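Enquirer:
Numbering (full-length UniProt numbering), first residue to last: 1 to 160.
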């Protein structure tokens with residue numbers, strides 16, 4: 001199945017912006033796990049199920065580790081230029097993966113639906129690096145397109 005990541009626009013904002021990297025995953029929870037790897041610090045992550053071809057998705061039984069997972073539904077009623085926001089609905093992966101239900105109901109509602117795991121925690125914030133540490137850690141690009149590198153306790157953020 002294909003997905004695009006949804007990243008919270010700011011920590012605790014409750015509004016989500018569509019990411020640009022396509023994700024291919026076997027289940028909704030697997031897609032969320034992939035998207036979380038590039039989540040901005042302190043922000044929650046969801047996914048938007050995507051199908052390039054018109055029509056309803058094929059019914060797909062959930063993977064064993066997907067069964068019983070619940071997702072809060074995010075909607076984008078303002079269209080492709082708007083942000084996603086909680087709709088108050090909950091979808092579950094029981095007889096089919098929740099992403100299939102989201103794709104089907106998109107056709108009915110006429111706007112995009114995203115999914116975020118219930119109880120999703122914000123992405124962890126970087127722990128302070130002791131001045132005596134060594135080695136290099138790189139952070140992936142976020143939806144704003146910036147990245148940072150931490151090396152031996154010194155942080156450098158490229159101008160952008």
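We treat Cβ as the ideally placed atom computed from N, Cα and C, and that holds for glycine.
Nothing here was measured: the structure is a model prediction, and the numbers come from that model.
First and last residue of the beta strand (DSSP E) that includes residue 112?
Expert: 112-117
Enquirer: For the alpha helix (DSSP H) that contains residue 85, what are its first and last residues?
Expert: Careful: residue 85 lies outside any alpha helix (DSSP H), inside the beta strand (DSSP E) at 85-92.
Enquirer: Please report how far the alpha carbon of residue 90 lies from the alpha carbon of residue 2, in whole angstroms.
Expert: 20 Å
Enquirer: Are the beta-carbon atoms belonging to residue 62 and residue 103 less than 8 Å from one another?
Expert: no
Enquirer: To the nearest angstrom, report how far apart residue 202 and residue 93 are at their CA atoms.
Expert: Because the chain is modelled from 1 through 160, residue 202 falls outside the range shown and cannot be assessed.
Enquirer: Where do the N-terminal and C-terminal ends of the alpha helix (DSSP H) with residue 36 fall, by residue?
Expert: 28-36
Enquirer: Quick test of your reading: residue 17 and residue 71, contact by CB under 8 Å. State the CB separation rounded to the nearest angstrom.
Expert: The C-beta distance from residue 17 to residue 71 rounds to 18 Å, too long to fall under 8 Å, and the pair is not in contact.
Enquirer: Measuring straight from C-alpha to C-alpha, what distance separates residue 137 and residue 41?
Expert: For residue 137, the predicted structure reports a pLDDT of 31, less than 50, and the residue's modelled location is therefore unreliable. The matter cannot be settled from this model.
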